[in-house]
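I have placed the structure first, in the form of structure tokens, so that the comments after it can refer back to it.
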Amino acid sequence: MQSRDLRCFTRDEIKEIVVSMEQPKYRGDQIFEWLFKGAENIDDMKTIPKDLKEALKNQGYYISYLKTVKRAESAIDGTVKFLFELKDKLRIESVVLPDKERTTLCISSQVGCACACAFCATGALGFKRDLTTGEIVNQFIWAQKETGIKIDNVVFMGMGEPMLNWENVKKAIFILNDEKGFHFAQLRVTVSTIGIIPAMKEMADKDYRFGLAVSIISAVDEVRSRIVPMNKAYPLAEIVKMAKYYTTKTERTIMFEYPIFAGINDSIKDADAFYKLMRGIDYKVNLIPYNSVTGKDFTKPEIDKVKAFQKHLMDKGVKIFIRKEKGADIAGACGQLAGEVEAKG
Ligand code: SF4
């Protein structure tokens with residue numbers, strides 16, 4: 160059965176609901192607006208007539224919320240990491256990353272993840288369920304409410320593979336983008352994937368305005384297959400073909416993420432393999448030095464090696480950045496906070 164959480168619906172869908180209750184369409188606009196100006200339950204919607212509010216409640220409609228279980232704030236850089244509890248008591252992470260000019264929110268799309276990438280703390284938790292559209296939208300609302308900081312960018316790089324919960328992720332982006340809601344620009348949203356080809360193709364064909372980032376991990380197929388089980392379903396060669404298709408069709412740049420691990424993918428030979436593989440694509444690279452996770456056989460590379468990798472590609476004209484480590488003092492890697500709390504019971 161479809162959720163009756165009002166935060167799961169677009170404005171048009173809410174209008175259809177009110178029309179089905181023999182109320183004028185504009186009441187749908189008003190309800191939608193209330194969802195983004197602080198209504199926490201149906202009775203908070205002051206301009207909505209009592210009979211409509213009662214009809215909504217009688218039909219099981221409600222407004223969902225997140226419960227903050229843990230909030231960790233970095234003394235180093237102001238990063239705020241939240242552990243939120245959902246209606247069924249499952250927990251997810253969201254991270255607010257303030258920078259000099261802008262603040263980015265890292266959002267989760269699933270509880271846990273089925274992809275089981277060997278280096279990932281979230282993958283180690285296993286897959287519990289997809290988040291609803293409302294639970295995704297709520298992370299944006301709660302992050303702003305709890306920190307008082309205006310979010311400028313959103314990245315789907317939290318727990319889960321967003322393209323395996325694609326319908327809810329897209330719908331949440333469209334709802335946040337609605338002019339009667341937060342009017343949050345699609346251009347300021349990036350969906351980060353391990354390389355789910357059908358959804359990447361849809362992004363190219365539909366020409367959505369939000370950005371695409373793909374985690375490459377290694378340009379050597381055999382190494383990637385060892386670390387990323389999903390590489391069997393969607394191999395590197397297919398991802399590269401799709402990245403070419405996407406950049407040609409949309410005339411947009413694609414972001415390749417390259418988590419870099421000591422002794423696995425950090426050599427100059429690895430950089431050369433990457434360069435060769437990506438020839439002909441309009442791309443940028445985000446080099447992400449790995450944050451060690453307890454129980455994982457992956458370690459952080461030496462910074463000199465990371466810089467040498469970067470320089471080697473820069474010298475060939477590649478736009479490549481090293482991601483600054485954020486929140487190092489508050490369980491940095493995604494899934495770690497949820498894992499820690501789960502372990503402690
Ligand atoms: S890296 Fe991403 S896709 Fe892989 S297990 Fe972790 S959350 Fe899932």
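For the sequence shown, position 169 matches number 328 in my numbering, and the numbering has no gaps at all. All C-beta atoms, glycine included, are put in the ideal place defined by N, C-alpha and C. Every value quoted in this text rests on a predicted model; they were computed, and no experiment measured them.
Relative to the Cα of residue 452, the nearest Cα in the group 420, 183 and 464 belongs to 420.
Annotation for residue 265 indicates a beta carbon at 7 Å or more from all heavy atoms of the ligand SF4. Residue 374 is positioned such that its CB atom lies no closer than 8 Å to that of residue 293. Between the alpha carbons of residue 287 and residue 247 lies a distance of about 11 Å. One residue list follows from the rule of a beta carbon closer than 5 Å to any heavy atom of the ligand SF4, given in chain order as 272, 274, 276, 279, 281, 282, 320 and 353. Under a 10 Å Cβ-count criterion, residue 458 is classified as exposed, with fewer than 16 other Cβ atoms of the shown protein chains found around its own Cβ. According to the DSSP secondary-structure assignment, residue 164 is paired through a beta bridge with 221.
Counting C-beta pairs with one atom in each stretch, the segment 189 to 198 and the segment 164 to 175 have three or more that are closer than 8 Å, which means they touch.
Per DSSP, the beta bridge partners of residue 448 are 419. When the Cα atoms are used, residue 422 and residue 430 turn out to be separated by approximately 13 Å. The Cβ atoms of residue 201 and residue 221 lie closer than 8 Å to each other. For residue 282, the enclosing alpha helix (DSSP H) starts and ends at 280 to 284. Bounds of any beta strand (DSSP E) do not take in residue 177; it lies within the alpha helix (DSSP H) bounded by 170 to 179. In summary, residue 471 is buried, with 16 or more beta-carbon neighbours lying within 10 Å of its beta-carbon over all protein chains present. In the DSSP assignment, residue 399 falls within the alpha helix (DSSP H) that extends over 395 to 409.
For residue 312, the enclosing beta strand (DSSP E) stretches over residues 312 to 315. A buried status is given to residue 383, since no fewer than 16 other beta-carbon atoms sit within 10 Å of its beta-carbon. Going by beta carbons, residue 254 and residue 265 fall inside the 8 Å limit. A check of alpha carbon separations from residue 485 across 328, 259 and 478 identifies 259 as the nearest.
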